[in-house]
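Down below is the structure, laid out as structure tokens.
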Amino acid sequence: MKLELFGHLVLTVCIFGSLFLFVAYAVYFERKVAAKMQNRVGPDRVGWYGLLQPFADILKLLLKEEIIATQATKLIHTLAPGISVIMAFITFAMIPIAQGFYIADINIGMLYMMAVTSIGVYGVTLAGWSSNSKYSLLGSMRASAQMISYELSMGLAVVGIILITQSMSVVSIVDSQTDNPFLWNIIKQPIGFLIFWIASFAEANRLPFDLPESEQELVGGFHTEYSSMRFALFFFAEYTHLIVASSILTTLYLGGYQIPYSSVWLAGANEWLVAGLQILMFILKMCLFVFLFMWVRWTLPRFKYNHLMELGWKYLLPLGLINVVVTAGWLLIYDKLF
Amino acid sequence: MIVDILFYITALVAIISGLLVITGKSPVTSALSLVLNFFCIAFIYLMLEAQFLAIIQVIVYAGAIMVLFLFVIMLLNLQDDMTLFERFDLKKGFAVLLTGLFLLEIAYIFSLDSVSVAPKGVTGASFPELGTVESIGKYLFSDFVYPFEMISVVLLSAVVGAVVIAKKKVD
Amino acid sequence: MPIDLNLLLRDTLSVAPVLIVLLSGIVLMMMSASKVQSKLLPWVAGSGYLISFLTLTFVTVPSASAFSGMVNTGSFAVVGGSMILALAFLHTMVSANLLKKDGIYLGEFYALQAFAITGMLMMVSANDLIMVFIGIETMSIPFYAMAGLKRKDVRSNESAMKYFLIGAFAAGFLLYGIALIYGATGTTNLTRIADYLASQTPGAFFWVGIGLMLTGFFFKVSAVPFHFWAPDVYQGAPTVSSAFLATGGKMATFMTLALVSMKLFPVPSAKWAAVVAVVAALSMIIGNVTALAQTNVKRILGYSSVAHAGYLLLALLSQTTDGYQALAYYVFVYGITTFAAFAVVGYLEKDGNPVTLESLKGLGFSHRTEGVILTIAVISLMGIPPMGGFVGKYLVFLNAYESGHLGLVILGVVTSMVSIGYYLRIILSLYTRPESTEVIANPAGAFALTGLILAAVIILVSGLYPPVFTGWITSLW
Amino acid sequence: MNQHIDAIVALSAILFSMGVLGVLTRKNAITIFMSVELMLNSVNLALVAFSRLHNDITGQMLVIFVMAIAAAEVAVGLAIVISIFRNRQTADVTEINLLRW
Amino acid sequence: MNIGLFGLVIALPLAGFLLNGALGLFNLLGWRSESRKPVVGWLASLAILVPFVVLLFIFLGMSAEDKSIVTYYRWFSVEDLNINIAYQIDSLSVLMGLMVTGIGFLIHVYSIGYMKHDEGFWRFFVYLNLFIFAMLNLIFADNLVLLFLGWEGVGLCSYLLIGFWYKQAFVNDAAIKAFVMNRIGDFAFLIGMFLIFKTVGSLSFDAINSNVGLFDESTLFWAGLFLFIGATGKSAQIPLYTWLPDAMAGPTPVSALIHAATMVTAGVYMVARLSPLFSANAELMMIVAVIGGLTALFAATIGLFQNDIKKVLAYSTVSQLGYMFLAAGVGAFPIAIFHVFTHAFFKACLFLGSGSVIHAMHDEQDIRNMGGLKKYLPQTYITFFIATFALAGFPLTAGFFSKDEILFRTFASGNYILWGLAIFSALLTAIYMMRLTSLTFYGKERFDSHKTHPHESPALMTLPLWILAAGALLVGFLGLPGVVAPTNWITTWLEPSVINVEGHASHFTEWALMALGSGLAIAGLFAGWKLYTTNLETVARLKASFSGLYNLIYNKYFVDETYDNVIVKPYSWISNSLMNNLENMLLYPLYGWTAKAVSGGAELIRFIQTGHTPTYVTFFIIGVVGVISLILFI
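Protein chains in written order, with this note's numbering: chain A, 20 to 357; chain B, 299 to 469; chain C, -8 to 468; chain D, 161 to 261; chain E, 31 to 664.
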């Protein structure tokens, strides 16, 4: 399905808009999940089952007084949350949510994703530094160290997929997984999946790897000095990361929008219907990961910093390397044999 | 046309950010300007159809190297430096003069012969798909496999060296 | 484009010496990381170099170039590689004691050294400016680390920082030069650049590229005015590191410079010669004169290294095979000599106190063997007959004279005479009885002493019977 | 873009000179170091332009290698700066001059 | 004649020199070890003993006419001048070689004991071995150039050994004096050599001796004269003798070996070697004889009043050398060599004996402070006594035979004045020698016996004394006078190598002269004994009444002072004025300023190395700009 420029624009707006919505409700979702796990009720006052809670929160944050520390570096202090949000958002541009429904497909899509993720760290780092507070600074340093460390393992995990797919285009990665669930990358690359998944926690600053903002040690970490709307932006960026990470996981390992055996039972169906089903499928899979993220957050305790680094460098990185080597070796043998 | 304008704007931004790097008061300003500069360069790479390099530029320079710089600047909590024109003394004037001379000499060779009319190299075959991942990958693992593999020695020794030097405890 | 595995295997075999050193470097790194048997490390390193040396010398490679023209495995690489490996082997014999004295990790040092040697071997076997650049960087980065190995010592830190900052700066110029050459000729392959030069007259871009590349090389060989780092780094770095980076680096860089010159200019180029001549003259004058005012022995050796860069550059003037052979001979002897001098100084220093002319007093009596070896080395550096330094200097001067650079030869002789002023001071201090009888220094171990004596023997043999080495160099060319 | 190659190479020369100027005038070791990175990048720019000009991959290959080497240099360089900072609480190159004369 | 092993003769002393030198370097660097001393000493001695044995075998296996030349290699070759390292082995050189190595060995052994406590022990033996090497080169040389090499070599060793105890100023002065005096002689020697080469075109002895006819009269005279001046330098004859007494500043074994037995006789040897050349010109021969005779008398008179035990012996040596030249001058070259031979024994014995005395007296050399040592040093005394008699020419001792033959030949040649001088000198010789012995060994003890406890030297030192004393008694029988045996061995042995102008006189004359000689010797000895043992007051009275003469002689005829005033002082005045005016005013500032400029420049230039990285990179950029400019605009 080819979309014209106008269609493209509409699609872009649609995708980012719904992403916005999803992020807002991810917060609500998180609170609900947390409540369930702790045997509470969770937000249920605003709207039906508290469904309007996110909007209330946003409204509240917008109305709060904006405080900027006097010693802060103003410009960067202002820019930092923006960088965070934007970097989180533009990753999504590469992700196809249904066949043909994507903002862009470039032949180095995977690299693009890696690049954007790696730049994402600037938001956090600069926020911490510009606040000119030691808690913030420590938080941002932890963030930069942690992100650089886990990016490597993440990249290595992706290399496995690229090797299998023989392409860096995200669309072709999804295509190559077909509608057969047994050909999805989670089956082909279980170790890679594990690594990527764990690294996602670190990249998204989620528990058990939320050291950059660990309340008990650093008050609020890099966003200690932020308030009002800017704080909301960080908050927003964090949940965007969550959604984006889940989407990427879905795309790379869970066949993306692919509906199991759709070629069998959906053969010849209306393509708009198929697209709709695919979008639903994608959202479903994504929500699964979102739920997993939350589950983990409310279950596991926080890592110690040195354990975090050890895990990254001593286990994930070698594991990733082994994964790449095994995958490449397997491909070589497969090539020669068949 | 649009490309031309885009190019000149990018070039301008690159120059301005470059100037900021060397005049910025705080190391962080310099670092951020440098990141901006790298983005500009990456953009020019894209214009030159070197997509792979453009993205690598972002990943390696902006995503890794500069983050490391920032990390160290924060770790050491470096104080503000003097800017170029604050306390502008003879030494700095001399430095500007010398750099100007250097640039002048490069400009002089431009006046001698233009780059784009520089004679074609021996391997002048037309090759439109130059900057793609595929072609880079192909050459990297055929003609350039030896330097490519040997680059790993540089990285390895850098890792060892950095660890040895920056390690705090002696055991 | 399918990869020809047979070709790959053949090419890999032809760079086997490099890979062997690399492999030993990796093994050393692993060993030091797992902290097993640190006493084994020098043995592993030494045997790695030895095997590599044997492979280099006795295994004939199937073709003169490998990896699609990236690598040149001809006799030049053999000569350059062998002298580097010989030096490395000697250094390994000596280093264990010195490292222990300085309280430096064993393993990492050896690993770094092995990586640096990998880079050097890459340099001398390069046939492409890319390989030259990568080789230089592979050599330099471990060097930076080696200079800063004494983490607690501010001088070591400082020397590492200076070396690093200026080194990275110089690498920028080297790279810019390579880029301009590439821009002008469309290739970085030395052979193809030479083809290009043979078919057309190069423009200004090319020449500026050559000039900028040369500045990068001049930095590495510490020629004036790119030399400022050398005395500081040699003084500040742990002596065990200075002993290697002052010698190995110089050997490799000079051999590479000769290689580039040889490949690019089969027809001697006046522009090249002019630049080299001016820099050589400046180096000889400034290096020797400044050394006169020094008291720290390592610093004297640093300036001596600057001065010798000038002498060695003289050999590049003629751009003939004779000149390159003279250069190879001299740089080999110089390397071994300076290595011996640094190593002895390393033994004579105690508790990190700098070795000055004052503290050297009387050590010739209390540390006889070391004193004799230092004396031999210094005499060789002076260029006085029974030592190899004389033969080297003679060959270089002869070559420069024959290529019509009489003025430079005279300058060389005059500055050599000036140099006696400070070299002699070292010997005099060695054999002067000190006012206080307290002598500070440790004796070298037997193993290290063997290495030092071996170096002294090489210096003596190369002076007494030069054909041993000249024959080797000319036969392998 | 080929019509801009002259301009790109000129841009690269300008950026290179800026890097040089930075190295000459800055006092902070890390800023100096960043200026060096600027120099290396400008050379990369020129290399890519030349590569496009000659339709030859070598330039881009070299750029990849340079990036790797730059990364390695950064690792070692920053380690050196850290170690010197630990001992002397400064990264100002004008204060670090124990070794002289 | 089997000369296969001859190479060892030359090589071993050299090897000993090198080996001991190498061992000594250890000392120099501080590996001091007393235990290495015997090794050094015996190694050096062995390096002389083996050549002696080899020479002995060659000697026993050869006949007088045998002569061979071994060429080792071409030393250098300039146009038609070819100089080989070649050695000539004939009756003369073998005899001399035996003497040098034999006595040399004894003195080496003696030195092990004598130098035992010296810190320059190894250095001493290194020099000694080098000396023997040089001396053997001199003796066996086949050509004048190689001889000159040895000649200079022994001169060098002499210098080194005289100045052995270099820490005292007068020792250095003596060494320098010896060296300079020798250099004057050497210069003349060189001129002589050039003159010969100009005529003969070769410098090998065979060529010279067989081509004497090529010379025209004056060239021959001048060549011979210059060579003879060279000989006077080396052999301490008038006018170049003054260095020898001063040379006694060296260790006593050195005086024995170099300044009595071997080196100083080199001049005589050289004259004998070139005897065909010398004897071809009568005026030349006359000059040689006159110089010899005058020196003999001159030195004998000085010897009469010297108080230093070694100085007396030194003047005696000068005097005896005069005898040798006298013999050569009258054409009795074999007899000159004979006297060299006998003299070597008794003079070496005397020196070693005096060494033993000095050793015993703890470095006391003044005989006025000795006396009565007979009972303390019995062995030294007896050997010294024998050697004194031999030197004085007491009948049937070695000195008697050789000296008497010289007197006879002088008489027979018709130079009665010379004969008169010589026989008077013989009387003086007997007197001053007995004076020496008496003052040393007889009479009262004139030293403080509480402070000094003389003791006999160890066997290592006395054994050589005995051997030498035996030689002093016996070797004379090798050359019995014509009246006793018509063919004496030494003349027969040497005749193939050396010219011998036979003297003609009746048997009666010969007997009479012999009786006169013996009588004078005995009379002299008696007078010396009588005067200096018991009648010291008589001596003092005599001195007082002839005080003018006494002072003249006591001050050695003011020769040193004259030389000082005539040559040294003007010379040093010129030097000083040149130094003050030319050098200090002009040259020194020139050089000094250059050096100062360089080191001042160094002090300036070092400051561009500011330690600041920015400075360094600034210079870097200057370099870059410079390089680009160079490359663009050349």
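All residues carry an ideal CB built from backbone N, CA and C; glycine is no exception.
Fair warning: this is a prediction, and the values are worked out from it, not measured in the lab.
Buried or exposed (CB count within 10 angstroms, at least 16 for buried), residue i
i: residue 199 of chain E; result: exposed
i: residue 315 of chain B; result: buried
i: residue 216 of chain C; result: buried
i: residue 233 of chain D; result: buried
i: residue 248 of chain E; result: exposed
i: residue 391 of chain C; result: buried
i: residue 96 of chain A; result: buried
C-beta contact flag for residue i and residue j at 8 Å
i: residue 399 of chain E; j: residue 476 of chain E; result: yes
i: residue 267 of chain E; j: residue 355 of chain E; result: yes
i: residue 120 of chain A; j: residue 35 of chain A; result: no
i: residue 77 of chain A; j: residue 251 of chain A; result: yes
i: residue 308 of chain C; j: residue 264 of chain C; result: yes
i: residue 98 of chain C; j: residue 15 of chain C; result: no
i: residue 308 of chain A; j: residue 269 of chain A; result: yes
Residue i, enclosing alpha helix (DSSP H) - first and last residue
i: residue 104 of chain C; result: 98 to 115
i: residue 115 of chain E; result: Taken as a continuous stretch (DSSP letters only), residue 115 of chain E belongs to no alpha helix (DSSP H), being part of the beta strand (DSSP E) at 111 to 119.
i: residue 187 of chain C; result: 181 to 190
i: residue 249 of chain A; result: 247 to 272
i: residue 290 of chain C; result: 288 to 305
i: residue 66 of chain E; result: 66 to 91
i: residue 160 of chain C; result: 145 to 176
i: residue 242 of chain C; result: 239 to 255
Beta strand (DSSP E) segment containing residue i, residue limits
i: residue 104 of chain E; result: 98 to 108
Minimum Cβ-Cβ distance from residue i to chain D less than 8 Å
i: residue 360 of chain B; result: no
i: residue 102 of chain C; result: no
i: residue 230 of chain C; result: no
Cutoff 8 Å: residue i Cβ touching any chain A Cβ
i: residue 304 of chain B; result: no
i: residue 430 of chain B; result: yes
CB contact below 8 Å: residue i versus chain E
i: residue 174 of chain C; result: no
i: residue 217 of chain C; result: yes
CB contact check: residue i to chain B, cutoff 8 Å
i: residue 418 of chain C; result: no
i: residue 106 of chain C; result: yes
Closer than 8 Å to chain C by CB, residue i
i: residue 182 of chain D; result: no
Checklist entry - How do the region 129 to 136 of chain E and the region 247 to 260 of chain D stand: do at least 3 beta-carbon pairs fall below 8 Å, yes or no? => result no
Checklist entry - Three or more C-beta pairs closer than 8 Å, one from the region 361 to 370 of chain E and one from the region 384 to 393 of chain E: is that the case here? => result no
Next on the checklist: Below 8 Å, how does it come out for the region 90 to 102 of chain C and the region 217 to 235 of chain C: are there three or more Cβ pairs, yes or no?
Outcome noted: yes
Checklist entry - Any contact of the region 413 to 422 of chain C with the region 350 to 360 of chain C, i.e. 3+ C-beta pairs under 8 Å? => result yes
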